[in-house]
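Undergrad: Below: one structure in C-alpha cells.
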Amino acid sequence: MKNQLPFPVDPRKIRGDFPILSRRISGHPLVYLDNAATTHKPTAVLDRIRDFYLRQNSNIHRGIHALGDEATGCYEAARKRVQQFINAASDREVIFTAGATDAINRVAEMTGSAWVQRGDRVLVTRMEHHSNLLPWQDLCRRRQAELRVIPLDDRGELDLEEMDRLLDSRTRLLAVTQVSNVTGTVNPVREIVRRAHRRRIPVLVDGAQAVGHLPVDVQELDCDFYVFSGHKMYAPMGIGVLYGKEQWLWDLPPGRTGGGIVERVTLREATFAGLPQKLEPGTPNVGGATALAAAVDYLQNLGMPAVAEHDHRLLTEARARLKAFGGVKIYGRPVRCCAALSFNLDGVHHQDAGIILDRLGIAVRSGFHCAQPLMDHYRVEGTLRISFGVYNRLADLDRLEEGLYKVRRMLGENR
Amino acid sequence: MIPDIDSLQQEILAEFSGLSDWEDRYGYLIRQGRELPSLPPPLRTEKNRLPGCRSSVWMVAELEGDQVHFHVHSDSAIIRGLIALLLRVLNYRRPEEILETDLYFLRESQLRSHLSPSRAHSLMTILNHLRSLANELSGPVR
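This is how it looks when you write it as C-alpha cells:
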C-alpha cells in the first residue's frame, strides 16, 4: 500500500535545510514528531534573522538614518509577504504580535470593553487550546459576561446544530480553532463564520495549527480575526500575527498603548496613528518578522498544496499503521484532519510511552496538550501525540512503530 | 522487623549496579513499581493528589503505632517504580527517620542522571511530599 506515489514534498531534498535533524538523541538519529508544539527552522530562516542583526539592525519608523530606513523596509516588506500568504485585503490588516496566544489576548483586550457588557455572551468550543479559552474566561469574568461552549459529537466534530442554538442575540463573539492541536480535526470554519455572520456575530479563528499545513485565505474564510504563531510554521519563536478586518481594527480601542502608535501626544491625551502602527506599541520584533517572511518564502517555494498533501499522506499512513498495530485507541474520527494525531496504547500510561520513545530518539508529545476540556471529553488524563512537518518521511513512521513495539514489550503486561 | 535503612540502601545499590543499560534500568524500575501496593481508587481524590507532578500521583499517610505507613499510587509505571524505591527505604519508619534519613542511594546509583530532568524533578517532588506528610504526623508543629 505504501509509497505508491512519490511524496509531493521530497524529504530527501529538504532535510539538509534543517541541520538540527542530524542530531542524535541517546545515540539514535532524531525522529522529530512534535511539530504541533514547534517546527524546526530551515537555514534560510536562520540566515535571514542573522543577516538582519548583522546588517540592518536599527529601530523602525523613527529615525532618518539609512539603517533605520532599511530596517523599516524589511519590516514592512515582511508585513506585505504575510498579507499575501494569508490573502488579507490590505497590509494594514496584518499586525505583528509575539505569537498566537499574544494575538488572542490582544483581541480580548481590544473587544472586552467595546463589545462585551454585563450579561453578554462569548462562545468558544470544547476543543480549544487553553490559549483560546483562558483569555475569554478572563474577559467574561471582568465583564460579568457568560462563556458558553460548543460541544462535540461522538466523532469529535463540533456540534453545529448546538452551535446554532448558542449563537443568540446576546452573543458578542465566537472564538474557534481551525485545526485541533490534539485530534487534528479541521473545523468547517467557512460554514461556522457564515452562520455566525447571519446573526452579525464576529468570529476569531485560531490558525496556530493550520498555517504550516494548509493554504489559508482569510478573505475566503471571511473571519473577522485570524491569529497564528510563526514558530509552528518554520519561523522563530516570539513572532506571530493578528489579522483583523480593517473596519474592526480601526474602530476598536488599541487595548495596549506605548511608543510609536500616536500622531500627537499631550500630557492628557493622545491622537492615535493609523493602521497598523496604532496596534503595535513599542519596538516590534523586526528580526522575527523578517524571518517569518523567509519562512513564508520557504513554504511557498514548496507550495502549500504540496505541503498539505504531504502532511495528509503521512497522517493517513500513521492512522492506518496504528490501527494495524492493535491495542491502540485513537482520539477523534475527524471527517477532515491535518497536523496532529493523538492516541494511547492500551494499558500503557502515555508518559511512560513518551519516556521510552525519547530514549530511542523519537520525540513525541505526551500529556494533555494544553487542552484539558478536550481530555475531559474523552475521559482521559493525557495522550501521546504525533505531528508532522515537511521533513518527516515514512522512515520516521517505521522508527515510531519499532519504538511502540519496544514500549509494549517493556510495559504492555503492566495493566 | 524490617531491615534497617542503611542495609536497604546498600541492597538497592547492589541491585542497581547489576544493570548495564537504560533498558535494564527502566525494566528494573517498572518491576519495582509492580511490587508497590496500590492506593484504592476511592482514595485517589483531589485532596490526596500531588501538585506539581506531570503524571498524577496520589498519596496518603497514616500513623500505625509510631510508624508512618504510606499508600501511594501513580498511573505511570515508571513513576510507580521510583515511588517503590523510595518507599522500600522510607515506609514503616518513624517520622523523624523519614525526615532525617540521607537517601544516599539516589546519589550513588546516579538514578537521577538516568532520568530526564522533568522526571528527576518529579522524584524530588514526591520525596518532599512524603517528608511533609511525615512531618504533619510527627506531632505538634515545631
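The listed protein sequences derive, respectively, from chains A and B. Residue numbers for the first sequence follow our numbering, so the first one is 27 and each next one is one higher. Residue numbers for the second sequence follow our numbering, so the first one is 41 and each next one is one higher. Even glycine gets a Cβ: it sits at the ideal position worked out from N, Cα and C. Note that the coordinates shown come from a computational prediction; the quantities given were computed from them, not determined experimentally.
#1: Whole angstroms are fine: how far does the CA of B/L48 sit from the CA of A/F122?
#2: Report the neighbours of B/R152 on chain A: residues whose CB is nearer than 8 Å to its CB, in chain order.
#3: Identify the residues that DSSP records as bridge partners of A/D60: which are they?
#4: How big is the Cα-Cα spacing for A/L247 and A/I227?
#5: DSSP three-state label for A/N370, please.
#6: Identify the contact partners of A/I382 in chain B, using a Cβ-Cβ distance below 8 Å as the criterion.
#7: Who does B/E104 pair with in a DSSP beta bridge?
#8: Pull up the distance between the alpha-carbon of A/S139 and that of A/G300, whole angstroms please.
#9: Strictly under 8 Å for the Cβ-Cβ distance: is A/H375 near chain B by that measure?
#10: Output yes if chain A places a C-beta closer than 8 Å to the C-beta of B/R159; else output no.
#11: Just tell me which of A/L410, A/A397, A/P360 and A/R41 has its CA closest to the CA of A/I210.
#12: Do the stretch 161-170 of chain A and the stretch 202-222 of chain A make contact, defined as three or more Cβ pairs closer than 8 Å?
#13: For A/V291, is the classification buried or exposed, using 16 other Cβ atoms within 10 angstroms of its Cβ as the cut-off for buried?
#14: For my contact list, A/V244 and A/A389 are in at a C-beta cut-off of 8 Å; report their separation, rounded to the angstrom.
#15: Considering only C-alpha positions, which residue in the set A/D372, A/D277, A/H239 and A/Q377 is nearest to A/S413?
#16: Closer than 8 Å by C-beta to A/F298: which residues in its own chain qualify, once you throw out the five before and the five after it? Chain order, please.
#17: May I have the straight-line CA-CA distance separating B/L103 from B/H109, to the nearest angstrom?
#18: Take B/R159 and list the residues in its own chain whose beta-carbon comes closer than 8 Å to its own, dropping the five residues that flank it on each side.
#19: Grouping DSSP H, G and I as helix and E and B as strand, with all else coil, what is A/C166?
#20: Counting only the same chain and skipping the five closest in sequence on each side, list residues whose C-beta sits under 6 Å from that of A/P177.
#21: Using beta-carbon positions only, say whether A/A171 and A/V142 come within less than 8 Å of one another.
#22: In chain B, which residues lie less than 7 Å from A/L410 when you measure between Cβ atoms?
#23: Determine the extent of the beta strand (DSSP E) in which A/E172 is found, giving its start and end residues.
#24: Are the beta-carbon atoms belonging to A/L318 and A/R132 less than 8 Å from one another?
#25: Report the residue ranges of all alpha helix (DSSP H) runs contained in full by the stretch 321-392 of chain A; include only those spanning at least 4 residues, in chain order.
#26: Applying a beta-carbon distance threshold of less than 7 Å, which residues of chain B neighbour A/R385?
#27: Mapping the DSSP letters down to three states, classify A/V267 as helix, strand or coil.
#28: Exposed or buried, B/H113, counting other C-beta atoms within 10 Å across all chains shown (16 or more means buried)?
#29: With burial defined as no fewer than 16 other Cβ atoms inside 10 Å of the residue's Cβ, what is the status of A/L80: buried or exposed?
#30: Looking at the strands, I want to know which residues DSSP matches up with A/T197.
#31: Does B/D61 pass the burial test, meaning 16 or more other C-beta atoms within 10 Å, or should it be called exposed?
#32: Do you know how far the Cα of A/R339 is from the Cα of A/L275?
TA: From the atom records:
#1: Position 96 of the first sequence, counted from the start, is the residue given in the question as residue 122 of chain A. Position 8 of the second sequence, counted from the start, is the residue given in the question as residue 48 of chain B. So the two alpha carbons sit approximately 60 Å from each other.
#2: As a position in the second sequence, residue 152 of chain B is number 112, starting the count at 1. Residues of chain A passing the Cβ test: none, with the nearest at roughly 14 Å.
#3: Here residue 60 of chain A refers to the residue found at position 34 of the first sequence. According to DSSP, which records beta bridges pairwise, A/D60 is partnered with A/S413.
#4: Position 221 of the first sequence, counted from the first residue, corresponds to residue 247 of chain A. Position 201 of the first sequence, counted from the first residue, corresponds to residue 227 of chain A. Approximately 14 Å between the Cα atoms of the pair.
#5: By 1-based counting over the first sequence, the position of residue 370 of chain A is 344. Note: A/N370 maps to strand in three-state DSSP.
#6: Within the first sequence, the letter at position 356 stands for residue 382 of chain A. Chain B residues near A/I382: Y66.
#7: Walking along the second sequence from the start, residue 104 of chain B turns up at place 64. Its beta-bridge partners are B/Q107.
#8: On the first sequence, residue 139 of chain A is found 113 positions in, with the first residue counted as 1. On the first sequence, residue 300 of chain A is found 274 positions in, with the first residue counted as 1. Between A/S139 and A/G300, the alpha-carbon positions lie close to 21 Å from each other.
#9: To locate residue 375 of chain A, count along the first sequence from 1; it is residue 349. True, the Cβ-Cβ gap to chain B drops below 8 Å.
#10: For the purposes of this step, residue 159 of chain B is taken as the residue at position 119 of the second sequence. Residue contact with chain A for B/R159: present (Cβ-Cβ distance below 8 Å to some residue of chain A).
#11: Locating residue 210 of chain A in the first sequence gives position 184, counting from the first residue. Here residue 210 of chain A turns out to be Gly, not Ile, going by the sequence shown. Per the Cα distances, A/P360.
#12: no
#13: Your numbering for residue 291 of chain A matches position 265 in the first sequence. Residue environment for A/V291: exposed (fewer than 16 other C-beta atoms within 10 angstroms of its C-beta).
#14: Against the first sequence, residue 244 of chain A aligns to sequence position 218. Against the first sequence, residue 389 of chain A aligns to sequence position 363. With 8 Å as the limit, A/V244 and A/A389 do not qualify as a contact, their Cβ atoms being about 32 Å apart.
#15: Sequence index remark: in the first sequence, residue 413 of chain A carries index 387 (1-based). Comparing Cα positions, the closest option is A/H239.
#16: Your numbering for residue 298 of chain A matches position 272 in the first sequence. Excluding sequence neighbours, A/F298 sits near P280, I287, V288, E289 and K304.
#17: Mapped onto the second sequence, residue 103 of chain B falls at position 63. Mapped onto the second sequence, residue 109 of chain B falls at position 69. Their backbone Cα atoms lie some 6 Å apart in a straight line.
#18: The count along the second sequence starts at 1 and reaches residue 159 of chain B at position 119. For B/R159, where only same-chain residues beyond five positions count, the Cβ hits under 8 Å are I118, I119 and L122.
#19: For this step, residue 166 of chain A is matched to residue 140 along the first sequence. The answer is helix: DSSP assigns A/C166 an H, G or I state.
#20: Residue mapping note: residue 177 of chain A aligns to position 151 of the first sequence, counting from 1. Counting only Cβ-Cβ distances below 6 Å, and skipping sequence neighbours, we find R152, D185 and E188.
#21: Position 145 of the first sequence, counted from the start, is the residue given in the question as residue 171 of chain A. Position 116 of the first sequence, counted from the start, is the residue given in the question as residue 142 of chain A. In this structure, A/V142 lies closer than 8 Å to A/A171 by Cβ.
#22: Locating residue 410 of chain A in the first sequence gives position 384, counting from the first residue. Ordered by position in chain B, no residue passes the 7 Å Cβ test against A/L410, which lies about 13 Å from the chain.
#23: Taking the first residue of the first sequence as 1, we reach residue 172 of chain A at position 146. Boundaries of the beta strand (DSSP E) harbouring A/E172: E172 to I176, taken from the DSSP string.
#24: Residue numbering aside, residue 318 of chain A sits at position 292 when the first sequence is read from its first letter. Residue numbering aside, residue 132 of chain A sits at position 106 when the first sequence is read from its first letter. Going by C-beta atoms, A/L318 is not nearer than 8 Å to A/R132.
#25: With a minimum length of 4 residues, the continuous alpha helix (DSSP H) runs that stay inside the stretch 321-392 of chain A are 330-351 and 376-385.
#26: In the first sequence, residue 385 of chain A corresponds to position 359, counting from 1. Ordered by position in chain B, the residues that pass the 7 Å Cβ test against A/R385 are W62.
#27: Taking the first sequence and counting its residues from 1, one reaches residue 267 of chain A at position 241. Three-state DSSP puts A/V267 in a strand.
#28: Walking along the second sequence from the start, residue 113 of chain B turns up at place 73. Per the 10 Å Cβ criterion, buried.
#29: As a working mapping, residue 80 of chain A is identified with position 54 in the first sequence. A/L80 should be labelled exposed.
#30: Counting from one through the first sequence, the residue named residue 197 of chain A turns up at place 171. The partner list for A/T197 (beta bridge, DSSP) reads A/R147.
#31: The residue given as residue 61 of chain B occupies position 21 in the second sequence. Burial call: exposed.
#32: What you label residue 275 of chain A is simply residue 249 of the first sequence in a count that begins at 1. What you label residue 339 of chain A is simply residue 313 of the first sequence in a count that begins at 1. Approximately 38 Å between the Cα atoms of the pair.
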